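A.B. asks: Letter by letter, the sequence shown follows residues 41 to 514 of my numbering.
Structure provided below as structure tokens; questions to follow.
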Amino acid sequence: MATEESPLLGDQLHPSNANSAFLPTEDIYDRFSRKEKRVILAIVSLTALVPMFVGGCFIPSIPQISKDLNATPAAVSLGVSLSVLASSVSVMIWSAYSSFYGRRSIYLCGIPIMIIGSFATAVSPDLNSLLFWRFVQTFGCAGGYALGAATIGDIYKVEERGTAMGTFAGAMLIGLATAPPIGGAFAEYLSWRGFQAVLGMCGMMLMLLLALFFPETAHPGSRGIDKAQDPNKLFVWINPLSCLTFLRSPNIMTVTLANTFALISDYALLLPIAYTIGAKYGVKSEGLIGALFIPSGLGNFVGAPISGRISDMVVRRGKKERNGVWVPEDRLRAVWIGQLVLIPISVTLVGLVTTYVDGTIGLVINFICLFTNGVGVNMSLTPMGAYTIDIMPSRSAEVMAAVSALRALLLAPVSVLFIPAIDTIGVAATNALAGLLALIGYFLIWLTMRYGKQMRAYADVGYPNFDAQISNGD
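In structure tokens form, the structure reads like this:
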């Protein structure tokens, strides 16, 4: 399969030109021991967790921030939009440069920016300062997901990658579920400024872990700097928007849309929870509203190891059925449990139960559904994330950046529609629409499973030559 010309730096600089037509050999994944891989996985999972807290803790603090800075809640809410913008831009920048300089260097550049932004946000005297430093804070840490997923692709074999991605995605989703209640508790009982300072201190501890225990994981000789005509040159300009060219691929686009539709169900349940489950069952305290997020977080925690192991099991089974032949789309077979069953059923039931079932029994059923949704979302995102790395191993950071950027841009406007939709058509209909989107997402995954090879041939963005690898018995 032909390799696409690099849109970034030219043949002599781009890390993927020399090897993008081939899958890495198995030996490349034996550079680190099992213990070392676990340490690396734990660190990158923390780097994916931090952006969730940076973003999630801000929303419940808006009332206190607006009072403290003498600004309207609507004006303070601009911080959310700016964070989405910073996340979309920075993830493309960090991923592009990680392919050139390596993962470790970019982590060590990004986290200090997040630390500075956190402490500066904590002492912001006015709204303008707050918005600026929130942008800086998010810019520094937003690369955690793309870089972490790429790191997993660097160190884990195909048959092990799903389990690692399950742990990684679980950390991200646990942050998504627990950051708002923790941020709300800080805002209610301590101070929103205090929590921003805590984030800065967490960033300092993470920086220490990266400096002491995180090695360079990029495959030897694969970085752009390894091929540069002048490797001593301090800085090289790389076009961060070039990663968006990967969205020309039907495979990558369908997976991006499918995992966005899966996450929409999570957002539909959690973002308006104070106005749905909280209002229905008389939960008014910010601390108790925060407790409503716990079942979803537990579902993410439980679903992480399950989803990863099932994902890898499906890959091994597919290879066995084909006498050792590996087809990347095999991994997507694991998506159906979450996206076809658990997500649409749980999100729809929450809407119906919240509308029609009163009392303790209704609250208990909702807790069960929130837990089930947490498991289902993880069981959908894990195989999709691993598949994205499988099909583009040499440029996984850039592909994950394109996926993250598009997903963030789609989720941002959708997120603000939930409460107006609930006010207009009710929580049952709103949640049913979220469940329908999950089903549409699974249909896109089914198309990718059925026609994946043809879709890859339709728009070759530099895929490895899977057929050549198969013929060599790899």
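Glycine included, C-beta positions come from ideal geometry on N, C-alpha and C.
In this text the structure is predicted, and so the values were computed from the model without any measurement.
Just to confirm the assignment, what range does the alpha helix (DSSP H) spanning Ile377 have?
C.D. replies: Run containing Ile377: none; DSSP gives neither H nor E here.
A.B. asks: Do Ile317 and Asn413 have their C-beta atoms within less than 8 Å of each other?
C.D. replies: Cβ atoms of Ile317 and Asn413: not closer than 8 Å.
A.B. asks: Does Val276 come out as helix, strand or coil in the three-state DSSP assignment?
C.D. replies: Val276: coil per DSSP, three-state reduction.
A.B. asks: Could you give the first and the last residue of the continuous alpha helix (DSSP H) run that contains Asp306?
C.D. replies: Residues Pro290 to Leu310.
A.B. asks: What does the alpha-carbon distance come out to for the pair Ile133 and Pro433?
C.D. replies: One C-alpha to the other measures close to 19 Å.
A.B. asks: Leaving out the 5 sequence neighbours to the left and right, which residues in its chain are closer than 6 Å to Gly330 when beta-carbon positions are compared?
C.D. replies: Cβ neighbours of Gly330 beyond the five flanking positions: Pro221, Gly224 and Ala225.
A.B. asks: Checking 8 Å against the spacing of the C-beta atoms, do Ala6 and Thr178 come in under that value?
C.D. replies: There is simply no residue 6 to check, as the chain begins at 41 and stops at 514 in what is shown.
A.B. asks: Please state whether DSSP places Val79 in a helix, a strand or coil.
C.D. replies: Three-state result, Val79: helix.
A.B. asks: Note down the Cα distance separating Arg201 from Arg349, rounded to an integer number of angstroms.
C.D. replies: Cα to Cα, the separation comes out at about 9 Å.
A.B. asks: What first and last residue would you give for the alpha helix (DSSP H) that runs through Thr178?
C.D. replies: Taken as a continuous stretch (DSSP letters only), the alpha helix (DSSP H) holding Thr178 covers Leu167 to Cys181.
A.B. asks: When the Cα atoms are used, what is the spatial distance from Asn299 to Asn340?
C.D. replies: Taking the straight line joining both Cα atoms gives about 15 Å.
A.B. asks: Work out the CA separation of Gly188 and Gly19 for me, nearest whole Å.
C.D. replies: There is simply no residue 19 to check, as the chain begins at 41 and stops at 514 in what is shown.
A.B. asks: Need the endpoints of the alpha helix (DSSP H) that Thr285 sits in, please.
C.D. replies: Careful: Thr285 lies outside any alpha helix (DSSP H) and carries neither H nor E.
A.B. asks: State the Cα-Cα distance for the pair Val501 and Arg288, rounded to the nearest angstrom.
C.D. replies: So the alpha carbons of these two residues sit roughly 8 Å apart.
A.B. asks: Could you round the C-beta distance between Leu81 and Ile192 to whole angstroms and report it? I think they count as a contact, below 8 Å.
C.D. replies: At roughly 7 Å, the Cβ-Cβ gap stays under 8 Å, so Leu81 and Ile192 are in contact.
A.B. asks: Return the first residue and the last residue of the alpha helix (DSSP H) that Ser130 is part of.
C.D. replies: Taken as a continuous stretch (DSSP letters only), the alpha helix (DSSP H) holding Ser130 covers Leu118 to Tyr141.
A.B. asks: So for Met205, helix, strand or coil by DSSP?
C.D. replies: It is helical.
A.B. asks: Pairs of beta-carbons, one from the stretch 150 to 157 and one from the stretch 389 to 404, closer than 8 Å: are there three or more?
C.D. replies: Counting Cβ pairs under 8 Å, fewer than three are found: no touch.
A.B. asks: According to DSSP, is Met432 part of a helix, a strand, or is it coil?
C.D. replies: It is coil, neither helix nor strand.
A.B. asks: Classify Leu338 as helix, strand or coil using the three-state DSSP reduction.
C.D. replies: In the structure shown, Leu338 sits in a helix (DSSP, three-state: H, G or I).
A.B. asks: Does at least one heavy atom of the ligand GTP sit under 7 Å from the Cβ of Ser130?
C.D. replies: Looking at this structure, you won't find the ligand GTP or any other ligand, since it has none at all.
A.B. asks: Once the 5 residues before and after Arg144 are set aside, which same chain residues still bring their CB inside 8 Å of it?
C.D. replies: Cβ neighbours of Arg144 beyond the five flanking positions: Leu250, Phe254, Pro255, Glu256 and Thr257.
A.B. asks: Should Val415 go down as buried or exposed, given a rule of 16 or more other Cβ atoms within 10 Å for buried?
C.D. replies: Looking at its Cβ environment, which holds 16 or more other Cβ atoms inside 10 Å, Val415 is buried.
A.B. asks: Going by Cα to Cα distance, which pick from Ala114, Met212, Ala437 and Met92 is closest to Leu167?
C.D. replies: Ranking Ala114, Met212, Ala437 and Met92 by Cα distance to Leu167 puts Ala114 first.
A.B. asks: Is the distance from the Cβ of Ala237 to the Cβ of Glu438 below 8 Å?
C.D. replies: Against a cut-off of 8 Å, the Cβ pair of Glu438 and Ala237 comes out as no contact.
A.B. asks: In three-state terms, what does DSSP make of Arg71?
C.D. replies: Residue state, collapsed to three classes: coil.
A.B. asks: Nearest to Val176 by CA position, among Ser139, Arg496, Val120 and Met212, is which residue?
C.D. replies: Closest option to Val176, Cα to Cα, is Val120.
A.B. asks: Taking all protein chains shown into account, do 16 or more other C-beta atoms lie within 10 angstroms of the C-beta of Thr400, making it buried, or fewer, making it exposed?
C.D. replies: Exposed: under 16 other Cβ atoms inside 10 Å.
A.B. asks: Using only alpha-carbon positions, find the residue among Asn418, Leu89 and Ala441 that is nearest to Phe301.
C.D. replies: Phe301 has its Cα closest to that of Asn418, out of Asn418, Leu89 and Ala441.
A.B. asks: Since Ala461 contacts Leu310 with CB under 8 Å, what's their CB separation in whole angstroms?
C.D. replies: About 15 Å separates the two Cβ atoms, so there is no contact after all.
A.B. asks: Mind the definition here: the stretch 357 to 367 touches the stretch 376 to 383 only if three or more C-beta pairs lie below 8 Å; say whether that holds.
C.D. replies: Contact fails: fewer than three Cβ-Cβ distances are below 8 Å.
A.B. asks: Tell me the residue span of the alpha helix (DSSP H) that contains Trp232.
C.D. replies: Counting along the chain, the alpha helix (DSSP H) containing Trp232 begins and ends at Trp232 to Phe253.
A.B. asks: For Val387 and Tyr321, what's the separation of their Cα atoms in angstroms?
C.D. replies: Taking the straight line joining both Cα atoms gives about 18 Å.
A.B. asks: Roughly how many angstroms lie between the CA atoms of Val323 and Ile459, to the nearest whole one?
C.D. replies: Distance between the alpha carbons of Val323 and Ile459 is about 17 Å.
A.B. asks: Quick check: what's the CA-CA separation for Leu332 versus Tyr315?
C.D. replies: The alpha-carbon atoms of Leu332 and Tyr315 are separated by roughly 12 Å.
A.B. asks: For Arg496 and Gly234, what's the separation of their Cα atoms in angstroms?
C.D. replies: Approximately 49 Å between the Cα atoms of the pair.
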